[in-house]
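Okay, structure first, notes after.
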Amino acid sequence: MSDNTANQGIPDPEGAATVIQTDYEIGQDNIETNVGPFNLDIHNPVFLVSGLTIVAFVFLTLAFQAEVGPVFDALRKWLTSNLDWFFIISGNIFVLLCLALIVTPLGSVRIGGKEASPDYSYFGWFAMLFAAGMGIGLMFFGVLEPVYHMAFSAPVGVPSPFDADGNLIPENVAAAKAMGMAATIFHWGLHPWAIYAVVALALALFSYNKGLPLTMRSIFYPIFGERTWGWPGHVVDILAVFATLFGLATSLGFGAQQANAGLNFVFGVPVGDTAQIVLIIGITAVALISVLRGLDGGVKVLSEINMLIAAVLLLFVIFAGPTGTLVSGFFSNISAYAKEIIPLSMPFGREDDGFRQGWTSFYWAWWISWSPFVGMFIARVSRGRSVREFIICVLIIPTLVSIIWMTAFGGTAIEQVLTDTGSQVHQYVIASYNPELSLFGMLADLPMSSVTSVIGVILVIVFFVTSSDSGSLVIDTITAGGKVDAPVPQRVFWCTFEGLVAIALLLGGGLGALQAMAVSTGFPFTIVLLLACYAIVKGLLDEPR
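Here the working numbering is used: the first residue of the sequence shown is 2, the next is one more, and so on.
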């Protein structure tokens, strides 16, 4: 009798009585019956510790806004400059594990068991995982990063296409363009999606195949055993809550600043803390409605709307921009990415501190802080897929879509910068650094800019909402011990405090504070993910293939 048979408590094939419950079921039952006062279905240690800590954090940050800003900034700089090697090595491990699962027999394991069938169509499934995983980031960095890396921060050895006076140096253009796009795709390609895939696969495997609750602690049963249901497991889930909340707050802060900038660009709405706080409050209210409607009635519908709007804007940029250059650029960008991915993945022996520490290590920490949220969300909608199908769809296809997006938006912006130093993109990225306006600057130099800029603002806001509501569902699941149907007041609590944390960080230090908390929660959770890699392999080896 295999371990897998015992774990699921099914009849003994030799005719004996039904196998007694193992620690898998005992642990699950302990969590399921842990109903607190006021009929709140919560896992008390995780909910109380994380909830009270978040409330205290919001209060103290708002009370001492002037004092916390420098602290957040110093924290971010220390972590990214001293632990960049750790983040980079960890990211490489996640990519290698995912690629190995595609090509080995372990990829034939089916999530949910041999007879499981998918709950969602490919379109609905892909729309939800992509909207949750990258939405606001692609809108904020899609124009900014390719132009910035080309002009300033590409790795050492690739000269800038501009001299000290801002004049173009033609012989440097081709190499700078290639490296700018390769460096951008590196940050939005295989590595971030491998991080998400590791968490999502681990959660799906131990929930749908092993019968454990859908929560981060379940991944560690092969490591902790019965202690998974005690404080070792509590600590894992609490870290997951903190990482998710602060990772989301970072993205919501980016989204609020970009939406505010877009509204100012189109309608003249003043830019400042007041407008951004009003935006966060309004969008959080919309997210609450979506949360109350649940996964199918809220998140799924909004995600599909998101994908359609994003596809329309993407096609417009491709056909209104330098179409021929973008089509050829897609293939040359893939080639540049393939050529540079190994040098960019090297953790040691490099001199490009600004790029490696200021961009790459921050990104990896940010993706890792997002991984409990995106991973659990992807796990919830991925039952019935084989591991191989799952990895391909979560790793390869989103990477290709990211390359298409960056090629269209970043490639168009690069052509605008190189052909006209008076372009608005040049003004907002190179002449003066206003990252939240970079998208709208690119659209301003294309036809129908008044219409497309409005579409851009709408897309930022809808991505904002889908991130907030799906994040609330995930945090509620973690703090409820893995239950996906917790009472409404708990969902409202977490959705509300996501917005409050974003407001507190914006007032207490702006983007620096947002980035600092994403990195600081990403560091301990990187260790959690490395242990999860071992648990995935061990769990898959016990599964029928």
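We put the CB at the ideal spot given by N, CA and C, even for glycine.
Quick caveat, the model's predicted, so the values are computed rather than measured.
Supposed close pair residue i, residue j - CB separation, criterion 8 Å
i       : j       : result
Met-140 : Leu-396 : In fact, because the Cβ distance is near 22 Å, the residues do not count as touching under 8 Å.
Met-407 : Trp-189 : 6 Å
Arg-77  : Gln-358 : That belief does not hold up - the Cβ atoms of Arg-77 and Gln-358 are roughly 10 Å apart, past 8 Å.
Thr-400 : Thr-216 : Actually they are not in contact, since the Cβ atoms of Thr-400 and Thr-216 sit about 28 Å apart, beyond 8 Å.
Ser-473 : Cys-496 : 4 Å
Leu-309 : Ser-291 : Not quite, the Cβ-Cβ distance comes to about 17 Å (not below 8 Å), so this is no contact.
Leu-531 : Ile-224 : About 11 Å; that fails the 8 Å criterion.
9 Å Cβ cutoff met for residue i and residue j
i       : j       : result
Leu-501 : Gln-258 : no
Ala-175 : Ser-161 : no
Ala-244 : Asp-470 : no
Val-529 : Val-237 : yes
Val-69  : Gly-510 : yes
Leu-253 : Ile-281 : yes
Ala-276 : Leu-264 : yes
Val-148 : Ser-454 : no
Ala-205 : Ser-362 : no
Gly-322 : Gly-412 : yes
Ser-51  : Thr-527 : no
Ile-462 : Ile-284 : yes
Leu-98  : Ile-393 : no
Leu-563 : Val-466 : Summary: the structure shown does not reach residue 563, with the chain confined to residues 2 through 546, and so no result is reported for it.
Glu-159 : Met-180 : The residue asked about is misnamed: residue 159 is Val in this sequence, not Glu. Yes, Cβ-Cβ distance for Val-159 and Met-180 is below 9 Å.
Gly-167 : Ala-337 : no
Gly-457 : Ala-203 : no
Ala-414 : Val-47  : no
Run of the alpha helix (DSSP H) containing residue i, from where it starts to where it stops
i       : result
Met-407 : 398-420
Glu-437 : No alpha helix (DSSP H) holds Glu-437; DSSP gives it neither H nor E.
Ile-456 : 450-480
Gly-483 : Segment: none, Gly-483 is in no alpha helix (DSSP H) and carries neither H nor E.
Ser-346 : 324-346
Pro-233 : 232-268
Asp-85  : 85-104
Gly-376 : 363-381
Pro-545 : Here Pro-545 belongs to no alpha helix (DSSP H), and DSSP marks it neither H nor E.
Leu-191 : 191-205
Residue i - partner residues in DSSP beta bridges
i       : result
Leu-169 : Phe-163
Arg-218 : Arg-218 pairs with nothing; no bridge assigned.
Ser-118 : None; Ser-118 has no bridge partner.
Ser-387 : Arg-111
Minimum Cβ-Cβ distance from residue i to chain B less than 9 Å
i       : result
Phe-127 : The displayed structure is made up of one protein chain only, and chain B is not part of it.
Residue i: CB within 8 Å of a non-hydrogen atom of the ligand SAH
i       : result
Ala-312 : In the structure on display, the ligand SAH does not appear, and there are no ligands present to speak of.
Count the C-beta pairs between the stretch 518-536 and the stretch 363-382 that are closer than 8 Å, then say yes if the count reaches three, no if not.
yes
Would the stretch 103-112 and the stretch 382-389 be scored as touching if the rule is three or more Cβ pairs under 8 Å?
yes
Would you say the stretch 410-425 touches the stretch 194-212, given that touching needs at least three Cβ pairs under 8 Å?
no
So, does the stretch 336-356 touch the stretch 441-453, judging by three or more C-beta pairs under 8 Å?
no
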